[in-house]
Amino acid sequence: MSKPTDTELKHALKTAIEMKELGKDPDFLAKALLNHNYRLKYLTELLKIADRYLNHGMADHERTLLLNAINKANAAEDRTAGFEREDFGLE
Numbered sequence: 000m001s002k003p004t005d006t007e008l009k010h011a012l013k014t015a016i017e018m019k020e021l022g023k024d025p026d027f028l029a030k031a032l033l034n035h036n037y038r039l040k041y042l043t044e045l046l047k048i049a050d051r052y053l054n055h056g057m058a059d060h061e062r063t064l065l066l067n068a069i070n071k072a073n074a075a076e077d078r079t080a081g082f083e084r085e086d087f088g089l090e
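Oh and the sequence shown: position 16 is 15 in numbering that gives the first Met the number 0, straight run, nothing missing.
Structure (structure tokens):
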């Protein structure tokens, strides 16, 4: 399956937003597209940081960035699933 161009993606996201606002999403396609696009940003950043960590000596700073990216991706996943983790006031 080919990746959509930036123009195609912008059009699809705009259409999905309109579908959601008008309540015309009977098969949940707009909901799925918007959710996946939201999560993809976090996962793309996680992949970039993981690659840098693995390919640049696994330094402590990159490890910290990687752990933070994992936490952000998990938080985004939890938010979209309606689940909130307890942080016990440590974050």
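No residue lacks a Cβ here, since even glycine has one placed at the ideal position from N, Cα and C. Source: prediction; values computed, not measured.
Please name the residue, chosen from the options, that lies closest to residue i on a Cα-to-Cα basis.
i: A72; options: R51, L53, L45; result: L45
i: A49; options: N36, L66, D5, D26; result: L66
i: A29; options: H55, Y37, F82, T14; result: T14
i: L33; options: K19, P25, K23; result: K19
In three-state terms, what does DSSP make of residue i?
i: T14; result: helix
i: K2; result: coil
i: D24; result: coil
Give me, in chain order, the residues of the same chain whose beta-carbon lies closer than 6 Å to that of residue i; leave out the 5 immediate sequence neighbours on both sides.
i: A68; result: E44, L45, I48
i: A75; result: R38, Y41
Looking only at its own chain, which residues have a Cβ that is under 8 Å from the Cβ of residue i, when we skip the five neighbours before and after it?
i: T79; result: N34, Y37, R38
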